[in-house]
Structures are given as structure tokens and as C-alpha cells.
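Keeping their order, the protein sequence lines are chains F and D.
As numbered in this note's numbering, residues 1 to 361 make up the first sequence, in order.
As numbered in this note's numbering, residues 362 to 722 make up the second sequence, in order.
Beta carbons: idealized from backbone N, C-alpha and C, even for Gly.
Data first, discussion second: the structure below is written as C-alpha cells.
There are 2 protein chains.
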Amino acid sequence: MINFTVGPVQSSEAVHEIGARDVPYFRTAEFSEVMLENERLMLKFSGAPEGARAVFITGSGTASMEAAVMNILTPEDRALVVNGGSFGARFCKICEIHGVPHDEIRLATGKALKTEDLSHAETQRRRDGQKQYTAFLVNKHETSTGVHYDMRLISEYCKEHGLLLMVDNISSFLCDDFSMAELGADVMITGAQKALACPPGVSIIILSPRALERVARNDPRCMYFDLKDALANQMRGQTPFTPAVGTLLQINARLKEIDSVGGVTVEVNRAKELAEYFRNRIKDLPLEIVSESLSNAVTPLHPTNGMSAYEIFLKLKDEHGIWVCPNGGELKNQVFRVGHMGNLSRDDYDKLVDALYKILG
Amino acid sequence: MINFTVGPVQSSEAVHEIGARDVPYFRTAEFSEVMLENERLMLKFSGAPEGARAVFITGSGTASMEAAVMNILTPEDRALVVNGGSFGARFCKICEIHGVPHDEIRLATGKALKTEDLSHAETQRRRDGQKQYTAFLVNKHETSTGVHYDMRLISEYCKEHGLLLMVDNISSFLCDDFSMAELGADVMITGAQKALACPPGVSIIILSPRALERVARNDPRCMYFDLKDALANQMRGQTPFTPAVGTLLQINARLKEIDSVGGVTVEVNRAKELAEYFRNRIKDLPLEIVSESLSNAVTPLHPTNGMSAYEIFLKLKDEHGIWVCPNGGELKNQVFRVGHMGNLSRDDYDKLVDALYKILG
């Protein structure tokens with residue numbers, strides 16, 4: 001199978017090799033060193049500000065989204081959340097579960113975030129007599145529909161209004177430019193199984209000094225997601241509970257691989273080049289790109305010849321040995337997605353395009 | 362390195378082979394089948410009663426301990442918790458965090474649970490005018506000190522008083538006899554990295570019909586640990602969020618391996634035989650077994666020649682290429698543990714005993 005989904009994706013040889021071995025015991029100085037190096041490289045690759053910290057959560061990206069909200073926001077906050085698809089809706093739901101007052105900016109499928117959306121939310125808030133926003137939550141790349149939001153716009157808005165900026169960068173990390181320090185972001189979340197190209201099971205939270213202060217003074221009612229505990233343990237390269245040791249070693253190998261080939265820029269260019277190659281090659285197919293603002297991570301496609309998107313996913317899987325990423329819910333028959341993350345080459349895309357020509361005629 | 366810790370442990374070839382490959386896409390009928398088979402085999406191997414269900418949590422054993430408490434108990438309950446070490450203390454802390462009223466039976470290091478301990482708790486409760494217990498929480502094998510509790514005693518007590526019985530069976534599963542149905546247990550928790558001998562990152566919760574009823578009517582304030590959602594998804598072999606797909610495939614391979622060689626009995630006998638072999642071979646060493654009631658999973662040892670247990674752990678690691686399991690906290694210099702889980706042979710134990718003779722000798 002060739003895997004063009006948005007995760008898990010195809011891994012490098014170094015990652016496979018670690019997977020083939022027994023997982024070592026981890027309450028050791030040796031594993032602590034690996035974890036401290038993981039933190040150092042994650043801070044580097046996320047452009048984290050001076051004094052930032054990283055923690056590694058054994059759990060999905062959603063686990064880290066929820067842990068971040070639980071440890072950083074309280075019922076005293078008021079959050080503004082961009083909701084342009086199922087991951088935006090997830091942030092809203094998490095705020096709701098944890099009693100964090102919030103408003104959402106609802107965007108139609110495929111639509112970019114615009115200045116008017118921000119000013120509209122602000123007008124609405126004033127009209128409703130609600131207190132000022134204290135935090136802004138955004139999925140930088142709304143993976144469900146492949147919409148990549150304008151982070152400069154968001155960053156300026158947050159700076160102007162003094163908002164804490166929490167960024168789910170799960171599927172865009174290493175695929176598109178991003179610097180916490182430049183954007184003034186306070187939280188960045190990512191996962192092992194996107195462009196980090198490791199098996200799923202670990203997610204990562206980077207916290208700015210301002211976010212760390214909030215973590216220090218909050219008391220989330222959850223042992224597993226207690227970031228104070230995670231941060232205290234990570235100081236010595238350890239975790240409060242048995243982590244996914246194997247995956248953390250694979251992340252280490254992959255981070256060093258990225259560092260040795262030239263860092264984030266090289267990775268972003270790689271994704272960009274593959275995305276452009278694929279997008280150029282499908283120009284004559286009855287496929288429409290449904291997003292106004294694309295990430296290099298994913299191309300979201302709608303078949304314009306009446307075929308069901310899910311049917312195309314099934315045919316690619318069962319007849320061509322190729323995985324693309326189906327959508328769920330309302331978009332199931334409308335949209336499928338082609339990823340540009342992980343160990344993929346132009347050759348792989350040629351095979352995908354050939355298969356698409358066969359299916360779509 | 363030879364790994365005699367209590368997890369991660371050494372894996373079989375089938376598990377390594379899966380680790381060496383790319384992780385497949387998982388929102389497919391193929392992966393659903395794997396997950397349904399995982400559930401079926403886990404129910405079989407835990408001796409689950411008719412109508413029980415299993416869910417797979419991407420997270421450590423603690424994640425599942427906390428998820429179980431959050432979804433099953435409420436402030437209306439009153440739990441009795443056996444606290445004989447750090448994992449018993451963890452159950453108490455989880456109850457405290459989630460506002461579940463509870464009393465603990467404190468046991469000194471290495472001590473077994475006795476009838477008197479149960480009647481003492483009952484007397485105390487009456488004297489304090491507290492309401493009847495509704496639930497009993499126990500780490501069947503208190504892994505931190507290697508004490509294996511008498512489950513018949515606990516089971517009878519729970520049946521007599523009508524208590525819900527929640528069992529952390531993380532380190533004893535597949536090492537000692539256990540049947541949910543026979544004991545009338547309502548919850549069993551285990552993890553991937555103990556006798557299942559897979560990489561860490563996944564834990565498993567088995568729920569009896571009585572536990573399932575409680576899950577259905579409770580509303581935990583956590584998205585990631587919402588077992589209603591996990592159960593609904595597992596009905597079709599899926600999970601609410603991206604799970605540790607690779608580890609779940611490895612668990613599948615391992616469960617089928619266990620099934621094909623004769624099931625739980627064969628596994629338990631294997632652990633038992635290795636534990637006895639090792640315990641017999643160290644009789645002349647200055648090492649004292651510190652537990653009154655042993656599991657086949659672990660032998661907890663105290664050096665009687667004045668040497669530090671942690672020093673022995675370090676010497677074995679650095680000079681002999683052998684990992685045993687150090688203890689933390691107060692027991693750091695007093696106790697180290699030798700595990701009997703995972704892919705280990707008599708030859709491996711011979712090497713360990715030789716090394717111990719050299720160090721203690």
C-alpha cells in the first residue's frame with residue numbers, strides 16, 4: 001500500500017529500525033537524555049520563545065488539545081475559537097466540557113478566515129455585553145477540510161487585544177512556516193503521526209512562559225493531564241506515567257534526521273514541492289480543490305463528475321493499493337484528501353495520478 | 362541488554378515484525394476487524410462475564426485507572442481502596458481528584474491483605490457513621506512492592522456487601538489466574554507493556570454489564586476519557602481519536618499468538634515456571650524476598666548484605682547489560698524487582714544469576 005492519508009503516514013528507515021527492536025527500560029539516565037534532546041529539538045523546530053518548555057503526552061492530538069485547555073484556561077476566561085470544521089468544533093466542545101466561556105467564529109467548509117470575521121466577533125461580543133476575550137484558539141490547519149488559516153492576521157489580532165494564543169498545529173507542523181516567537185503564540189500542539197512521520201500515540205505541547213505561568217497557578221481535575229506534573233518530570237527527561245517509550249525513541253531519531261538535513265525549512269520545502277507537483281498533475285482531472293487557503297500538508301478534493309468521494313477512496317484502496325484520506329459526516333461523499341506528509345516521492349504521486357485517471361476516466 | 366523489568370518487556374518476533382513496518386491507515390473495515398478481534402480475545406482472556414465489553418485507551422495504565430474511576434464512580438459513591446504501595450496510593454489520589462468519597466486500607470510494604478483488614482475498615486466506617494461502601498478498588502498485584510492480593514477474599518467481601526469491584530490487573534494479567542466472571546469483578550484494567558509484551562502506549566478496560574450501566578448514566582467532564590464515546594466507537598471496531606494503531610496491531614498479533622498456544626493457562630504456567638526457576642536459583646544469595654504474597658509476574662528483592670538496591674540496578678545495567686527494575690521513593694535503596702514477563706528464557710535467568718553472584722558475591 002502507498003499511504004497518502006493525513007496520518008499515520010510512511011516513516012523513514014531509522015524509524016522502522018527502532019520499531020523492529022525491543023523497547024528499552026526507561027527510568028534510566030539514557031532515556032532521560034533522549035527526552036531532553038526531544039524537548040530541545042521540538043523547541044527549536046517550533047520557533048519557541050526563550051523560556052518555553054515542551055511536554056510529551058502519551059495520547060492522541062485531542063488529548064493534548066484537551067490537556068492544554070484544562071491546564072491553561074478556566075471559567076474566568078473568555079475564549080474566541082475558530083470553528084471551520086470538525087477540529088474547530090472539537091476545540092469548542094472541549095471548552096464547553098471544561099466550563100470555559102467561549103464564542104466561535106463559524107466558517108463554511110473551505111472558507112479562509114478574514115479580517116471581517118474577527119471584527120464581526122468583536123462587534124457581537126460588545127453588543128452582547130460580554131467581557132473581553134482572554135484567549136484565542138485555532139487549528140492553524142483545519143485538517144478536516146484542508147483550510148490553512150492566516151496566522152499573521154490572527155497573531156496581530158491577539159497582540160492588539162492582548163489575547164493568549166493557543167495553536168493546534170497538529171497537521172501543519174513541518175509542512176508550513178510557523179514560529180511561536182514571531183507570532184507571539186503561547187501554545188503549540190502537534191502529534192507524532194503527521195509530518196513527524198512516526199507511529200501515532202504521542203502528542204506534544206509547547207508552552208510559552210506566559211502559558212507556563214497559567215499552568216503553574218491552575219489546578220485541573222485530572223491526574224493524567226496534569227501538566228504541572230508532566231513539566232516537573234520532563235525537567236529531568238522523565239514522565240509521570242509509563243509513556244510510549246518506543247514512539248518517543250522514534251521521534252528522537254526523526255527529529256535528529258530533520259536537524260541533520262537542514263531543519264524545518266527543508267521539510268517545509270519538501271512538502272511544498274510534493275504538494276505543487278501533485279496539484280499540477282491533477283489539473284485535467286474532474287477534481288476541484290475545495291479550500292480557499294491551502295496548507296502544504298494536504299490537498300482536499302471534490303469530484304466534479306458526480307462520483308462519490310468515498311467510492312474513490314474505496315476503489316483506490318481495494319483496486320490500486322493506495323490509501324487517500326476519506327472524510328466523515330456530511331462531507332463523506334463530497335470530499336477526500338491527499339496528504340503530502342511522510343516518506344513519499346514524486347513516483348508515488350505518479351502512481352496515484354495514474355490510478356485517479358483510471359477511476360475518473 | 363536483557364530486560365527483566367516490569368515493563369516495557371521483551372517482545373516476540375511477530376510483534377517486532379509489525380513494529381518494523383509502516384503503520385497502516387485505520388479508518389478502514391480492515392482495521393475495524395482487528396479491533397473487534399482484539400475485544401473478543403481480551404474478553405476471553407479476562408474471563409469476562411456475558412455482556413461485558415472492552416475498550417482500548419491510547420495512554421498508560423494510569424490513564425485507564427483514571428478513566429474507569431471518572432466514568433463509573435461519582436460523589437454519591439463510597440469506595441474502599443487497598444493502598445499497599447504507590448499504585449494503591451494512585452487509586453486513592455484519583456478518587457480524591459474526582460471527588461469520590463473513599464477510605465483506604467493501608468498496608469505496610471510487603472504485607473498481604475487479610476480478613477482482619479476488611480473487618481477493621483468496616484468497623485471504622487460504622488464508628489464514623491459513614492454510609493455503606495458502594496465500590497472496592499484494588500491493584501490485584503501491587504507492582505511497586507510485588508504483593509499479590511487474595512482475590513477470593515476480596516471477591517467474597519464484595520459479593521457479601523454488594524460492592525462494585527474494580528480491579529487494576531495491569532501487571533498480573535496473563536501471569537496469575539484471574540476470571541472476572543468467577544470473582545464477580547466489574548472492571549479489569551491492563552496495559553500493553555506487561556505480559557502482553559507489546560510496546561507501551563495502550564491500556565485496556567474491560568467492563569461488566571453492571572459497570573456498563575454506570576458508564577451509560579454518568580457524564581465525566583473529559584472528552585478524551587469519555588468511555589461512552591469509546592464504547593460506541595468500539596462497537597464498529599473504531600476509536601473516537603487516532604489511537605496507537607501500530608501498538609494495537611501488535612496487541613492483535615500477540616493475542617492471537619497466546620490463543621494459538623493454548624490461552625491464558627499456558628501463559629500463566631510459563632510465568633510461574635520462570636519465577637520458580639529464578640527464586641530457586643537465588644536461595645544462596647544475600648537477597649530476601651520482601652513480599653508475603655507473590656505474583657508470578659515479579660520477584661521483589663532486598664539485599665541483606667548492606668548493598669544499595671539501586672546500586673545493584675546500576676551495576677547490572679552498566680557492567681552486565683541487564684535491566685532489573687529499580688524502586689523509587691523510600692524504597693530506592695531497599696528494593697529492586699525482577700520481572701517474569703515477556704520473551705525471557707531460563708538461559709536469560711542464568712545470566713542474571715551469574716551477574717548477581719559477581720556483584721553480591
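| Check | Outcome |
| --- | --- |
| Nearest by alpha-carbon distance to F:Glu292: which of F:Leu249, F:Gly329, F:Thr145 is it? | F:Thr145 |
| Distance cutoff 8 Å, beta carbons only. Does F:Arg270 sit that close to anything in chain D? | no |
| Does chain F have any CB closer than 8 Å to the CB of D:Ala605? | yes |
| Mind checking whether F:Arg78 and F:Thr123 have CB atoms under 8 Å apart? | no |
| Using a Cβ-Cβ cut-off of 7 Å (strictly less than) and excluding sequence neighbours within five positions of F:Phe26, which residues of its own chain qualify? | Val245 |
| Using a threshold of 8 Å, state whether the C-beta atoms of F:Ala67 and F:Ile206 are closer than that. | no |
| Could you confirm whether any beta carbon from chain F is found closer than 8 Å to the beta carbon of D:Met702? | no |
| Assuming D:His502 contacts D:Ser480 under a Cβ cut-off of 8 Å, what Cβ separation, rounded to an integer in Å, is found between them? | Contact flag wrong, Cβ pair sits at about 23 Å. |
| Here's the rule: buried if 16 or more other CB atoms are within 10 angstroms of the residue's CB, otherwise exposed. What is D:Pro570? | exposed |
| Just curious, the beta strand (DSSP E) that F:Asp176 is in, first and last residue? | Note, F:Asp176: premise wrong, no beta strand (DSSP E); not H, not E. |
| Against chain F, does D:Ala381 count as a neighbour if the rule is that its beta carbon must be under 8 Å from one of theirs? | yes |
| Closer than 9 Å, Cβ to Cβ, to anything on chain F: give me those residues from the region 444-475 of chain D, in chain order. | Arg451, Lys454, Ile455, Ile458, His459, Gly460 |
| For the candidate residues F:Ala253, F:Thr28, F:Cys158, whose alpha-carbon lies nearest to that of F:Glu182? | F:Cys158 |
| Taking the straight line between their C-alpha atoms, what separation do you get for D:Ala593 and D:Phe639? | 45 Å |
| Do D:Thr603 and F:Gly7 have their CB atoms nearer than 8 Å? | yes |
| Starting from F:Asn139 and walking both ways along the beta strand (DSSP E), at which residues does that stretch end? | 135-139 |
| Note down, in chain order, each residue of its chain lying with its Cβ closer than 6 Å to the Cβ of F:Lys234, except the 5 sequence neighbours on either side. | Note that residue 234 of chain F is Gln in the sequence shown, not Lys. The residues are Val55. |
| In whole angstroms, what is the alpha-carbon distance linking D:Leu397 and D:Arg597? | 7 Å |
| Just grab the DSSP bridge partners of F:Val81 for me. | F:Glu104, F:Leu137 |
| Along chain F, in chain order, which residues have C-beta atoms closer than 7 Å to that of D:Arg582? | Ile97, His98 |
| Closer than 8 Å, CB to CB, is F:Tyr277 near chain D or not? | no |
| According to DSSP, simplified to helix, strand and coil, what is D:Arg698? | strand |
| Measuring alpha carbon to alpha carbon, tell me which residue in F:Leu249, F:Ser64, F:Cys198 is nearest F:Asn139. | F:Ser64 |
| Between F:Val23 and chain D, is the shortest Cβ-Cβ distance under 8 Å, so that the two count as touching? | yes |
| Step through the CB atoms of chain D and report whether any lies within less than 8 Å of the CB of F:Tyr157. | no |
| How about F:His320: is its C-beta nearer than 8 Å to some C-beta of chain D? | no |
| Could one say the Cβ of D:Arg597 lies closer than 8 Å to chain F's Cβ atoms, at least one of them? | no |
| Given that a residue counts as buried once 16 or more other Cβ atoms are within 10 Å of its Cβ, and exposed if not, what is D:Asn630? | exposed |
| Span of the alpha helix (DSSP H) holding F:Met70? | 61-72 |
| DSSP beta-bridge partners for F:Pro303? | F:Leu287 |
| Below 6 Å CB to CB, which residues in the same chain sit around D:Pro436 once its five sequence neighbours on both sides are set aside? | Gly460 |
| According to DSSP, is F:Glu142 helix, strand or coil? | strand |
| In three-state DSSP terms, what is F:Ile312? | helix |
| Please classify D:Thr476 as buried or exposed, where buried requires at least 16 neighbouring CB atoms within 10 angstroms. | exposed |
| Can you pull out the residues from the region 424-437 of chain D whose beta carbon lies closer than 9 Å to at least one beta carbon of chain F? | Ala424, Met426, Glu427, Ala428, Met431 |
| F:Ser11 and F:Asp342 - do their beta-carbons sit closer together than 8 Å? | The sequence given here has Gly at residue 342 of chain F, not Asp. The answer is yes: Cβ separation under 8 Å. |
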